[in-house]
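Take a look at the structure set out below.
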Amino acid sequence: MRNFFKNIKNTVKAKFSSVKAAVCRKIRNVRASVNAAAYRLAVRSSTMLATNRAENFVDSGIKILIAVVIGALLLGGLYALFGDTIMPTVTQKVQDMFNFKS
Numbered sequence: 062m063r064n065f066f067k068n069i070k071n072t073v074k075a076k077f078s079s080v081k082a083a084v085c086r087k088i089r090n091v092r093a094s095v096n097a098a099a100y101r102l103a104v105r106s107s108t109m110l111a112t113n114r115a116e117n118f119v120d121s122g123i124k125i126l127i128a129v130v131i132g133a134l135l136l137g138g139l140y141a142l143f144g145d146t147i148m149p150t151v152t153q154k155v156q157d158m159f160n161f162k163s
């Protein structure tokens, strides 16, 4: 039984190596037969599709826009708060402090 399995293993190994060699030969033949310019074009286009150079431009723009909007809202809120609530109270307290008639 052991010899039977060894025989099957060796047969599969031999078949696989011959198939692998045949596939490698075919790939070399196809690569050699294809026009060099077409091969360079294929390589260049695949590398261009694989790159991600300008990926973060939109992300950075959106982050800057969000920061500007939030900053404007905070400044507007603080300006409204100081103009309506805090400054009249401070003005009244300062006038009361310097009111020497009482």
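Letter 34 of the sequence shown, counting from 1, is numbered 95 in the working numbering, and no numbers are missing. Glycine included, every Cβ here is placed at the ideal spot set by N, Cα and C. Quick caveat, the model's predicted, so the values are computed rather than measured.
Coil, strand or helix - residue i by DSSP
{"i": "R159", "result": "A small correction: the amino acid at residue 159 is Phe; Arg does not occupy that position in the sequence shown. In this structure, F159 counts as coil in the three-state DSSP scheme."}
{"i": "N68", "result": "helix"}
{"i": "M62", "result": "coil"}
Residue i beta carbon near the ligand MN (any heavy atom closer than 7 Å)
{"i": "K70", "result": "For the structure depicted, the ligand MN is absent and the ligand set is empty, with no information on it obtainable."}
Straight-line gap, residue i to residue j (C-alpha atoms, nearest Å)
{"i": "I131", "j": "S121", "result": "15 Å"}
{"i": "K74", "j": "K124", "result": "58 Å"}
{"i": "F161", "j": "M148", "result": "22 Å"}
{"i": "A128", "j": "L139", "result": "16 Å"}
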